[in-house]
Every structure is written in C-alpha cells, then in structure tokens.
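Notes for the one structure printed next.
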Amino acid sequence: MIAIDTLPSSEVNEPVYRVILSRYPQIHLFERVSNPQDWDVLYAVESLTNPRLRDEVGDIRLVPPEDRVYGDGASWIMAAFTHPPVDGRGGRFNRDFGIYYCAADEAIAIAESSYHRARFLRESRIDKTTQEMRVIRAQLGPTTLHDVRHLVGDGIYDPDDYGEAQHIGYALRDAKSFGVHYQSVRAKGECYGVMRARALSDAIHWRYLRYQYDQGTIVDVESINGNSGGSSRR
1 MIAIDTLPSS EVNEPVYRVI LSRYPQIHLF ERVSNPQDWD VLYAVESLTN PRLRDEVGDI
61 RLVPPEDRVY GDGASWIMAA FTHPPVDGRG GRFNRDFGIY YCAADEAIAI AESSYHRARF
121 LRESRIDKTT QEMRVIRAQL GPTTLHDVRH LVGDGIYDPD DYGEAQHIGY ALRDAKSFGV
181 HYQSVRAKGE CYGVMRARAL SDAIHWRYLR YQYDQGTIVD VESINGNSGG SSRR
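For the sequence shown, full-length UniProt numbering begins at 1 and goes up steadily by one.
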C-alpha cells in the first residue's frame with residue numbers, strides 16, 4: 001500500500017476544465033454571500049421557505065468554513081464538495097465525500113466525462129439518447145498537490161476498480177491535502193482531484209456540449225452555440 005508521506009508534490013497554477021450535466025443549477029447562495037461564516041445561518045433561514053434549497057445547495061457542513069469560497073462562480077466549485085457521491089461506487093479517489101475532478105486540457109475533461117456518462121447510461125439500460133453538458137473553466141492554484149503521476153501501472157490506476165485509489169484518497173483527505181495530480185486513465189493527459197475548495201477560483205461557464213449516446217458509448221460530441229442554438233462538431 002502506498003504511504004502518502006512518500007509521495008512527491010506538484011506545484012500547480014493553471015486553468016482547468018470540468019464537464020457536468022447542464023441541468024445542474026447555479027447555486028446563488030454561494031454567489032451572494034460575502035462571508036462564508038454566514039452561510040450556515042442563511043441556509044437555515046432560507047430552507048424554511050424553500051424546500052428545494054437542500055437539493056440545490058447540498059450539505060454545506062461537509063465543507064469547513066475555512067475552505068468555503070464565495071462570489072461569482074463559487075457555485076460551480078462548491079457543488080462538487082456539497083454533493084458527495086451517492087451511488088456507492090464514488091469516483092477514483094473518493095467514495096462518500098466530494099472531490100472537484102478536472103483536467104489540464106478541455107479534451108481530457110471531455111474524454112473523462114464521456115466515459116462516466118456512457119457507463120451511467122449503459123448501467124441504466126438506456127439504448128440511445130442525447131445529453132447536454134456544461135464545460136466549467138476555473139483557476140487551480142497556486143497550490144501544492146500530492147503527485148501520483150509516476151505510479152502509472154499501480155493499482156490506483158485500475159480502469160474499473162477504485163479500491164486502492166480510494167484508500168489513498170481517504171488518507172489524503174484526512175491529512176488535509178489540497179488534492180492529487182494524476183494521469184488520466186481515459187486519454188493521454190493529466191487530471192486533478194481537488195480536495196479543498198479554496199484551491200480553486202474564477203470558475204465560469206465555458207460552453208455547452210451535446211453528447212450523443214448510442215448502444216453503450218458516446219459516439220459524438222457537439223459544441224453548442226448557446227446564443228444562436230447552433231452547433232459544431234468537435
């Protein structure tokens with residue numbers, strides 16, 4: 001088993017890309033609160049009159065006050081941490097806590113999300129459909145991450161079994177790591193699993209995509225022009 005205190009570090013300061021379902025709403029609570037310490041009070045008050053708030057905001061208690069971010073674009077960041085996985089499988093480095101998965105290159109983010117959307121739809125026994133996706137561009141860093149890029153071939157890179165990687169993920173979370181820098185398993189490129197929201201900033205909607213799914217795989221990705229409704233294939 002890998003000991004996290006033997007892992008090298010990686011200094012990161014660059015834009016990163018993440019692809020999510022376009023139906024996920026922007027959470028205005030995170031946008032308009034200027035002091036993260038006030039979130040718990042505001043959440044308690046608003047939830048009395050807005051029963052949908054918990055579904056939209058998630059569980060703010062999962063993010064320590066010192067790690068919360070606010071202002072323009074904060075909702076795209078915070079949502080990854082306030083909505084942990086509920087499918088029992090989780091992500092590569094997490095099972096029941098939130099991680100902001102992203103990539104250094106948009107094409108890698110698309111490859112990663114295409115794989116996971118296809119798996120979900122396949123397991124849901126859906127034969128053919130389209131799904132609209134949203135690309136989020138954010139700034140990662142300057143920050144220091146734990147670096148596992150040199151461990152390609154190790155069990156943490158198993159394409160289907162996340163057991164060993166999640167063991168590392170829990171150890172990193174308990175050590176209050178800002179996250180992990182790793183190689184993508186779905187394409188040639190690099191990914192990040194960010195474990196603390198304050199490592200990220202300046203998140204913006206970048207563009208819409210349309211995924212064409214057919215018989216178990218994403219067969220086409222189109223870039224959607226949000227202003228005119230047009231599209232262009234990648």
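Beta carbons: idealized from backbone N, C-alpha and C, even for Gly. Computed from a prediction, not measured in an experiment: that's the story for all the values here.
Per DSSP, cross-strand counterpart(s) of G189: Within the sequence shown, numbered from 1, the residue matching residue 189 stands at position 189. Per DSSP, none; premise fails for G189.
For L200, the residue or residues it bridges with in DSSP: In the sequence shown, the residue the question calls residue 200 occupies position 200. For L200, which the question treats as bridged, DSSP gives the partners L140.
Could you check the C-alpha separation between Y157 and T144 for me, to the nearest Å? As a first step, residue 157 must be located in the sequence shown, where it is residue number 157. As a first step, residue 144 must be located in the sequence shown, where it is residue number 144. Approximately 21 Å, taken between the alpha carbons.
Mapping the DSSP letters down to three states, classify H83 as helix, strand or coil. Numbered from 1 along the sequence shown, position 83 holds the residue referred to as residue 83. Of the three classes helix, strand and coil, the one that applies to H83 here is coil, per DSSP.
Looking only at its own chain, which residues have a Cβ that is under 8 Å from the Cβ of A118, when we skip the five neighbours before and after it? Indexing the sequence shown from 1 puts residue 118 at position 118. The residues are Y213, G216, T217, I218.
Three-state secondary structure assigned by DSSP to Q166: Start at 1 with the first residue of the sequence shown, and residue 166 comes out as number 166. In the structure shown, Q166 sits in a helix (DSSP, three-state: H, G or I).
Is M78 helix, strand or coil by DSSP? Within the sequence shown, residue 78 is the residue found at index 78, counting from 1. Of the three classes helix, strand and coil, the one that applies to M78 here is helix, per DSSP.
Backbone secondary structure at I4 - three-state DSSP: Within the sequence shown, numbered from 1, the residue matching residue 4 stands at position 4. If DSSP states are grouped into helix, strand and coil, I4 belongs with the helices.
Look up A103 in the DSSP assignment and give the residues it is bridged to. Along the sequence shown, one-based indexing puts residue 103 at 103. Bridge partners of A103: Y17, C191.
Based on Cα-Cα distance, which residue from G71, S114, R137, Y162 lies nearest to Y100? By one-based count along the sequence shown, residue 100 stands at place 100. Here the closest residue by C-alpha is R137.
Please report the residue range of the beta strand (DSSP E) in which residue 241 lies. Absent from the model: residue 241. The displayed extent of the chain is 1 to 234, so no value can be given.
Is it right to say S124 is buried, meaning 16 or more other beta carbons lie within 10 angstroms of its own, or is it exposed? Position 124 of the sequence shown, counted from the start, is the residue given in the question as residue 124. By the neighbour-count rule (16 or more Cβ atoms within 10 Å), S124 is not buried but exposed.
Whole angstroms are fine: how far does the CA of E164 sit from the CA of S75? Against the sequence shown, residue 75 aligns to sequence position 75. Against the sequence shown, residue 164 aligns to sequence position 164. Computed Cα separation, rounded: 30 Å.
For S228, which of helix, strand or coil comes out of DSSP? Along the sequence shown, read from residue 1 onward, the residue named residue 228 stands at position 228. Because the pLDDT of S228 is 35, which lies under 50, any placement of that residue in the model is unreliable, and the question is left without a value.
With distances taken between CB atoms, is the gap from I2 to H146 smaller than 8 Å? Within the sequence shown, residue 2 is the residue found at index 2, counting from 1. Within the sequence shown, residue 146 is the residue found at index 146, counting from 1. No, the pair does not count as a contact, with Cβ atoms beyond the cut-off.
contact_flag[the stretch 204–211, the stretch 81–96] where n(CB pairs < 8 Å) is 3 or more: no
Taking the alpha-carbon positions, what's the A79 to P85 distance? Locating residue 79 in the sequence shown gives position 79, counting from the first residue. Locating residue 85 in the sequence shown gives position 85, counting from the first residue. Whole-angstrom Cα-Cα distance: 11 Å.
Go ahead and label L121 buried or exposed: buried means 16 or more other beta carbons lie within 10 angstroms of its beta carbon, across all protein chains shown. Along the sequence shown, read from residue 1 onward, the residue named residue 121 stands at position 121. Buried, because 16 or more other Cβ atoms sit within 10 Å of the Cβ of L121.
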